[in-house]
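Chain order of the listed sequences is A and B. Counting from 1, one number per residue, gives the positions in the first sequence under the UniProt record's numbering. Counting from 1, one number per residue, gives the positions in the second sequence under the UniProt record's numbering. Yeah, the Cβ is synthetic: ideal placement off N, Cα and C, and Gly gets one too. Written out below as structure tokens is the structure these notes cover.
Protein chains: 2
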Amino acid sequence: MKKLINDADHVVEEMIDGYVKAFPQYVKQLENPRALVRSELDADKVGVLIGGGSGHEPAFMGYVGAGMADGVAVGNIFASPPPGPIVAVTEAIDQGKGVVHVYGNYAGDIMNFGMAAEMADLEHDIEVASVVVTDDVASAPKNEMAKRRGIAGEFFVTKVASVASALGHDLVGVTRLANRANEVTRTMGVGLSPCSLPQTGKPSFTLAEDEMEIGLGHHGEPGIEKGKLETADKVVDRLVTAILEDMPIATGEEVAVLINGLGSTTRMELLIMFRRVEQLLSERGIKIYRSFIGDYSTSLEMGGSSVTLIKLDAELKECIDYPADCPMYVQK
Amino acid sequence: MKKLINDADHVVEEMIDGYVKAFPQYVKQLENPRALVRSELDADKVGVLIGGGSGHEPAFMGYVGAGMADGVAVGNIFASPPPGPIVAVTEAIDQGKGVVHVYGNYAGDIMNFGMAAEMADLEHDIEVASVVVTDDVASAPKNEMAKRRGIAGEFFVTKVASVASALGHDLVGVTRLANRANEVTRTMGVGLSPCSLPQTGKPSFTLAEDEMEIGLGHHGEPGIEKGKLETADKVVDRLVTAILEDMPIATGEEVAVLINGLGSTTRMELLIMFRRVEQLLSERGIKIYRSFIGDYSTSLEMGGSSVTLIKLDAELKECIDYPADCPMYVQK
Chain A
1 MKKLINDADH
11 VVEEMIDGYV
21 KAFPQYVKQL
31 ENPRALVRSE
41 LDADKVGVLI
51 GGGSGHEPAF
61 MGYVGAGMAD
71 GVAVGNIFAS
81 PPPGPIVAVT
91 EAIDQGKGVV
101 HVYGNYAGDI
111 MNFGMAAEMA
121 DLEHDIEVAS
131 VVVTDDVASA
141 PKNEMAKRRG
151 IAGEFFVTKV
161 ASVASALGHD
171 LVGVTRLANR
181 ANEVTRTMGV
191 GLSPCSLPQT
201 GKPSFTLAED
211 EMEIGLGHHG
221 EPGIEKGKLE
231 TADKVVDRLV
241 TAILEDMPIA
251 TGEEVAVLIN
261 GLGSTTRMEL
271 LIMFRRVEQL
281 LSERGIKIYR
291 SFIGDYSTSL
301 EMGGSSVTLI
311 KLDAELKECI
321 DYPADCPMYV
331 QK
Chain B
1 MKKLINDADH
11 VVEEMIDGYV
21 KAFPQYVKQL
31 ENPRALVRSE
41 LDADKVGVLI
51 GGGSGHEPAF
61 MGYVGAGMAD
71 GVAVGNIFAS
81 PPPGPIVAVT
91 EAIDQGKGVV
101 HVYGNYAGDI
111 MNFGMAAEMA
121 DLEHDIEVAS
131 VVVTDDVASA
141 PKNEMAKRRG
151 IAGEFFVTKV
161 ASVASALGHD
171 LVGVTRLANR
181 ANEVTRTMGV
191 GLSPCSLPQT
201 GKPSFTLAED
211 EMEIGLGHHG
221 EPGIEKGKLE
231 TADKVVDRLV
241 TAILEDMPIA
251 TGEEVAVLIN
261 GLGSTTRMEL
271 LIMFRRVEQL
281 LSERGIKIYR
291 SFIGDYSTSL
301 EMGGSSVTLI
311 KLDAELKECI
321 DYPADCPMYV
331 QK
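So this is what it looks like as structure tokens:
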């Protein structure tokens, strides 16, 4: 697949360079070039660090700013950042109140963030708590929740952690609220067409021109069912049904909805999908409190999308409503 | 190309339905289903109407909200809206101070917006002024500026018109400032891969796997040069050189930059492009006042991107800095 790049070995460095030059009012690069933090930190609060592999932009680097994360550790494409930048960001954003690390449930991230947390503790005496996102319903059965991967729902968990910190919760409080957000967040996705890594140029998976794959992962991990492409309504029916079977939502309860595009799926398709989500929830008397539609966490130029629901209570609603000001996500 | 839709004949209706259901706090649908206006209008100002064909989302409907447009007329995919919804929106947003129509320079839009302006005047006694966007450098030579098409730069012209109206300028003042924005806005794009219309499923143009096309239009209109795909830096050199030859920018002058993705181009590529734009402008002593990077005006799932520069003075800077709150564009 064609890409507007210079050198496949330097795409991440050049992307970061473009990013910090474009948004100096928001973000600065530390000595470790894969470590980015807010240009000006809010004083006296728990630090919130996000991170993971590149290729998911605007996640994760796009979400550093007021009301969102304080810093980000940037990995290679679809690969966890090593401990180095994680520790560097942790140190830079700690204000003596500890730092929460929010990341998706992938083996590499678990290992690297775990090592970084230990190093931050031992070498810098910084208390670190981890919130591991596991929103992808398709990635493991309900009785093995801890095996589930983190995908688009990480946006909500990041937002909740960040707002909890902005509201003055301590490390225990921020972690508790972010974990609770994760517990009530579910995502189901569908893949239509692959992406290709700059270094290989090869598609990450193959699907016939009339096929789709339900539950496909953010890096092309196999889903739960391959089949003929169906109408948007039928696909959404599958996704929402799977979510509601996994996490029942009663009549009268409220949710925020995220329809996420994986890269090359048009806003038109995402809006048509939302239309059906709204019909299904409305039929069940579930109220949509707020909607998010767009490319929030991509897989390079992959085709496909996902539906995320987060079940809200008063505390989580306050978080969802809280303003944000980041290079790639602003909310009033 | 695979699409998550239901019925190719109803994609626009279903998209609008999803849109108004997702963002009721921002936008409502009039009796004419292709006519959308802000849920609550700011009192006592010139109305700003935008519109054009669908398939460019988030343009145009995503830009209705505070600090941006008051209403939008929605056409079929890549086709101008007919006069009906344009007149309906014009009538709904007029507050006795007149309405400015901002749209791209395409034959269908010129005809339909022109007819709608006459009808608004004759049937409803509303004064309408038109601002026709012509930012696409590649679409006609410099001595035939009036033949140029409007592409991504329409975002800046819309923003300037909307802010001028919000600041209390009268119809003449809004029109003057928006036209001035158009006069100092230039865009150059590159196409890499086609999109397909839902109704035909056929690609809008063809390019070999190693080819690019400089100056390709937003609906697949032929560009000025086809050739082998080059590095991002070389492509950006071509785009920026063409812009600066067309509109010289002196050392010390300031610009806002928009790197726009056409649909399936990753944020990573857009950021790598920005990196080179910044280098080139910095070498010339041109200051970047503010940067916008993302999918601002797409062509369904087309691959490619564009660089837009708007040359700023104090008045235009005030407009660029003005906050906005729309479903698909928020600025603090």
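When the distance is taken between beta carbons, is residue j closer than 8 Å to residue i?
| i | j | result |
| --- | --- | --- |
| L258/A | A152/A | yes |
| M212/A | G227/A | yes |
| P82/A | N105/A | no |
| V89/A | L49/A | yes |
| V64/A | G71/A | yes |
| G224/A | A164/A | The sequence given here places Ile at residue 224/A; Gly does not occur at that position. Against a cut-off of 8 Å, the Cβ pair of A164/A and I224/A comes out as no contact. |
| L36/B | V27/B | yes |
| R149/A | G220/A | no |
| F156/A | I310/A | yes |
| Y289/B | V236/B | no |
| A120/A | E154/A | no |
| S291/A | F274/A | yes |
| N260/B | D233/B | no |
| C319/B | K159/B | yes |
| E209/B | K2/A | yes |
| L41/B | I126/B | no |
| S264/B | S297/A | no |
| Q95/A | D170/A | no |
| E14/A | I293/B | no |
| V87/A | A161/A | no |
| N6/A | T231/B | yes |
| V133/B | M268/A | no |
| A8/A | P198/A | yes |
My output table needs one value for residue i: the three-state DSSP class, helix, strand or coil.
| i | result |
| --- | --- |
| A73/B | strand |
| G226/A | For the sequence presented, residue 226/A should be read as Lys rather than Gly. Note: K226/A maps to strand in three-state DSSP. |
| A256/B | strand |
| I126/B | coil |
| T241/A | helix |
| D321/A | helix |
| K28/B | strand |
| A35/B | strand |
| D135/A | coil |
| V11/B | helix |
| I16/B | helix |
| V236/B | helix |
| G150/B | coil |
| G51/B | strand |
With a CB to CB cut of under 7 Å and the five nearest residues on each side skipped, what residues in its chain are close to residue i?
| i | result |
| --- | --- |
| T175/B | V100, A129 and V131 |
| P323/A | G67, Q331 and K332 |
| G108/B | A79 and S80 |
| M61/B | Y19, L36, V72 and V74 |
| V240/B | V277, L280 and V307 |
| L312/A | E254, V255, A256, Y289 and I320 |
| C24/B | Before going on, a small fix: residue 24/B reads as Pro here, not Cys. These residues qualify, in order along the chain: S39. |
| A181/A | F156, V157, V160, I310 and L316 |
If I measure Cβ to Cβ from residue i and keep anything under 6 Å in the same chain, skipping five residues before and after, which residues do I get?
| i | result |
| --- | --- |
| K147/B | A140 |
| P58/B | M328 |
| residue 361/A | Because chain A is modelled from 1 through 332, residue 361/A falls outside the range shown and cannot be assessed. |
| L192/A | M212, G303 and G304 |
| E301/B | C195, G263 and S264 |
In its own chain, which residues sit with a C-beta less than 8 Å from the C-beta of residue i, not counting the 5 before and 5 after it?
| i | result |
| --- | --- |
| I243/B | V137, R186, T187, M188, V307 and L309 |
| A22/B | P327 |
| I16/B | Q29, P33, R34, L36, M61 and V74 |
| T206/A | P194 |
### Query
Going along the chain, which unbroken runs of the alpha helix (DSSP H) with 4 or more residues stay wholly within the region 60-110 of chain A?
83-93
### Query
In the region 158-190 of chain A, which residue ranges form an unbroken alpha helix (DSSP H) of at least 4 residues, counting only runs that do not cross its ends?
171-183
### Query
At which residue ranges does the region 267-318 of chain A contain complete alpha helix (DSSP H) runs of 4 or more residues, listed in the order of the chain?
267-283
#### Entry: 3-residue-minimum beta strand (DSSP E) runs that sit fully inside the region 187-221 of chain A, ordered along the chain
211-214
### Message
So if I threshold CB-CB distances at 9 Å, which residues from the region 263-289 of chain A count as touching chain B?
### Response
G263, S264, T265, T266, R267, M268, E269, L270, L271, I272, M273, F274, R275, R276, V277, E278, Q279, S282 and I288
#### Entry: Within 7 Å of chain A by C-beta, residues of the region 76-93 of chain B in sequence order
none
### Query
Of all the residues that make up the region 139-162 of chain B, which are near chain A by a beta-carbon distance shorter than 9 Å?
none
### Query
Taking any Cβ of chain B, which residues in the region 23-41 of chain A have a Cβ under 8 Å from it, in chain order?
F23
### Query
What residues in the region 183-204 of chain B have a beta carbon less than 9 Å from any beta carbon of chain A?
V190, L192, S193, C195 and P198
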